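In the working numbering, the protein residues as written are 6 to 223.
Contents: one structure, followed by commentary.
In structure tokens:
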């Protein structure tokens, strides 16, 4: 089976800022390009970190005194705008993925690191793209016909060498239903498990019979 790779889902034209970009420069970049975060890149094209809208706001530990009066809040904003640079604001180190990673690999790293996006780097650790949670979710927009064809051809025929005409694969909005008969009873949970790994599948319901019960040990 072929799983979609990060290179197929990532944004290639990445808006970035240098380490010495000022607070105002970063805000202007976020607004002009309508993005919620930008990577910080050194002069060689290597990612150093990421600045999100959240990084531009005061930390909870800062808010007590600053936000008790409007003048102090305005003072905080003025100080921040004049003094802070990208290298001081960014979340670092950058959390990166490779272009040939599968969607599952990228999603696991996002979950483990608690981030909403990954910077994508090549073998020289040069930035080549950025992939977000939303990008990964696009695999669930695959056409049902494509999912059905993959299950029939890759799983039933080539992988398990089952007669593809003996099993009917119905897919609607990513929900898979299997009807028919397979050779061995032990294959039923295997087929169901493999179907769940197909990109774009949201659920699997099987109604399969079998010709031989090979699970009794007799």
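For each residue, glycine too, the CB sits at the ideal point set by N, CA and C.
No experiment lies behind these values; they were computed from the predicted model shown.
Identify the continuous alpha helix (DSSP H) that holds residue i and give its terminal residues.
{"i": "residue 99", "result": "Counting along the chain, residue 99 falls outside any alpha helix (DSSP H), and DSSP gives it neither H nor E."}
{"i": "residue 212", "result": "Unbroken run through residue 212 is the beta strand (DSSP E), 208-217; no alpha helix (DSSP H)."}
{"i": "residue 108", "result": "108-118"}
{"i": "residue 94", "result": "91-94"}
{"i": "residue 128", "result": "From DSSP, residue 128 is part of no alpha helix (DSSP H); its letter is neither H nor E."}
{"i": "residue 8", "result": "Where residue 8 is concerned, there is no enclosing alpha helix (DSSP H), given that its DSSP letter is neither H nor E."}
Can you say whether residue i is buried or exposed, counting buried as having 16 or more other CB atoms within 10 angstroms of its CB?
{"i": "residue 25", "result": "exposed"}
{"i": "residue 122", "result": "buried"}
{"i": "residue 137", "result": "buried"}
{"i": "residue 204", "result": "buried"}
{"i": "residue 42", "result": "buried"}
{"i": "residue 131", "result": "exposed"}
{"i": "residue 152", "result": "buried"}
{"i": "residue 46", "result": "buried"}
{"i": "residue 17", "result": "exposed"}
{"i": "residue 56", "result": "buried"}
{"i": "residue 166", "result": "exposed"}
{"i": "residue 146", "result": "exposed"}
Going by the CB atoms, is the gap between residue j and residue i shorter than 8 Å?
{"i": "residue 50", "j": "residue 99", "result": "no"}
{"i": "residue 134", "j": "residue 19", "result": "yes"}
{"i": "residue 15", "j": "residue 140", "result": "yes"}
{"i": "residue 32", "j": "residue 91", "result": "no"}
{"i": "residue 111", "j": "residue 206", "result": "no"}
{"i": "residue 9", "j": "residue 144", "result": "yes"}
{"i": "residue 114", "j": "residue 102", "result": "yes"}
{"i": "residue 188", "j": "residue 156", "result": "no"}
Mapping the DSSP letters down to three states, classify residue i as helix, strand or coil.
{"i": "residue 184", "result": "strand"}
{"i": "residue 45", "result": "strand"}
{"i": "residue 139", "result": "helix"}
{"i": "residue 134", "result": "strand"}
{"i": "residue 16", "result": "strand"}
{"i": "residue 27", "result": "strand"}
{"i": "residue 22", "result": "strand"}
{"i": "residue 202", "result": "coil"}
{"i": "residue 40", "result": "coil"}
{"i": "residue 189", "result": "strand"}
{"i": "residue 157", "result": "helix"}
{"i": "residue 104", "result": "coil"}
{"i": "residue 34", "result": "helix"}
Ends of the beta strand (DSSP E) at residue i?
{"i": "residue 172", "result": "172-177"}
{"i": "residue 54", "result": "52-57"}
Item to check | Segment contact flag, the segment 208-222 with the segment 177-184, C-beta cutoff 8 Å, min 3 pairs | outcome: By the Cβ test, the segment 208-222 is in contact with the segment 177-184, since at least three Cβ pairs between them sit closer than 8 Å.
Checklist entry - Hey, is the segment 186-206 in contact with the segment 153-165, meaning 3+ C-beta pairs nearer than 8 Å? => result Segments in contact, yes.
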